[in-house]
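For any residue, its number in the working numbering is found by taking its place in the sequence shown, counting from 1, and adding 17.
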Amino acid sequence: MPNPFPGMNPYLENPSEWGDVHHALMTYIRDVLQPALPPTYAARLNIRVFVDELQPRIPDVLVLEKKAREAAPAYASVPAALDVPPAEPLVVFLEPIEEHEAFVEIVRLEDEHIVTLIEVLSPTNKREGEGRRQYLHKQREILASETHLVEIDLLENGAPTLAVLQAGLVNLPPHRCLINVRRAPDCYRFEVYPIPLQERLPNIRIPLMPPDPDVTLDIQVVLNKAYDNGAYDRLLNYREPPRAPLSADEEKWVDELLRGKNFR
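Here is the structure:
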């Protein structure tokens, strides 16, 4: 069955699903753009690798071990009332995770110049840690360069991360998802798409080098393809609330939507 939501599906934000969703989104963005580009350009998938700082992605990464110990010998000088064996600790192993985050670059073939960088944010970009530090560092580099920047944030959880929000001065209408496009070299002008949960994700313009015209990228088409090919109609439990928080109005709307489509 197709995605029951007209826009972003909040159930896809579940930690157990997002890694697969993100990889699919980036792959399909590359695939959709490739035939639309002039022959002097190519879209390519690239990978950012970093070690997350002991922040497990899913609960089973934590390994719990109760270690047996021999009781320490009691000394004659210790009163009998205090002759208690040491408590057994619960030993926890936090395993650092090597994260692989995909992004799409549109390159000019004659000189391999990166014309446009397209990012879809992940939870690691929006919480404290190495993933966020690397992302914000790359963001600053791109804003100071001749490369266009397209950032797509479909996640409710996490800190504000898109370039347009870094100054903290932008007053946007209510939204759940946010997309911004910065056209180089103007680092002060952003094309911003605020999208409520109830609305379709937009078809946006992706800039190239002048005088070449923009190409378009329909985010909703890409998301729906990721949903269909990922078999999420079978994997997601719509009888339970999503892990991503919902406002009271969103919760009511989601319940009515899913009941109307016989998912609840």
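Glycine included, C-beta positions come from ideal geometry on N, C-alpha and C. Since the structure is predicted, the reported quantities are computational estimates derived from the model, not experimental observations.
Between Leu-275 and Pro-23 a beta carbon distance of about 13 Å is seen, past the 8 Å cut, so the two are scored as non-contacting. In terms of Cβ geometry, Glu-173 and Glu-34 do not form a close pair [threshold 8 Å]. In this structure, Leu-225 and Tyr-58 form a Cβ contact; the two beta carbons are roughly 6 Å apart against a cut-off of 8 Å.
Distance from the CA of Asp-245 to the CA of Glu-105, rounded to the nearest whole angstrom, comes to 49 Å. Sequence-distant partners of Met-25 (beyond 5 residues in either direction) whose C-beta falls short of 8 Å from its own C-beta, in its chain, are Leu-171, Arg-193, Cys-194, Ile-212, Leu-214, Leu-218 and Leu-240. CA-to-CA, the gap between Pro-27 and Pro-262 works out to about 9 Å. Ile-114 and Phe-67 have their C-alpha atoms some 8 Å from each other. Rounded to whole angstroms, the gap between the alpha carbons of Ser-162 and Asp-128 is 16 Å.
For the options Pro-191, Ile-223 and Thr-141, the alpha carbon positioned closest to that of Asp-266 is the one of Pro-191. Of all alpha-carbon atoms in Glu-158, Gly-277, Gly-247 and Val-132, the one lying nearest the alpha-carbon of Pro-227 is that of Val-132. It is roughly 53 Å from the alpha-carbon of Leu-138 to the alpha-carbon of Val-101.
Taken through DSSP and simplified to helix, strand or coil, His-165 comes out as strand. By the CB criterion at 8 Å, Ile-223 and Leu-50 fall inside the cutoff. With respect to Asn-197, Phe-207 sits close: the two C-beta atoms are nearer than 8 Å. Here the alpha carbons of Leu-153 and Gln-183 stand approximately 10 Å from one another. For Ala-243, the enclosing alpha helix (DSSP H) covers residues 236-246. Between the alpha carbons of Glu-273 and Glu-147 lies a gap of roughly 40 Å. By the 16-neighbour rule on beta-carbons within 10 angstroms, His-165 is buried. For the pair Ile-123 and Glu-116, the Cα-to-Cα distance works out to about 23 Å. Counting only runs of 4 or more residues that sit fully inside the stretch 127-214, the alpha helix (DSSP H) segments are 140-143 and 147-160, in chain order. Spanning the alpha carbons of Asn-254 and Val-238 requires a straight line of approximately 23 Å.
The alpha carbon of Arg-260 has as its nearest neighbour, out of Gly-277, Val-187 and Pro-32, the alpha carbon of Pro-32.
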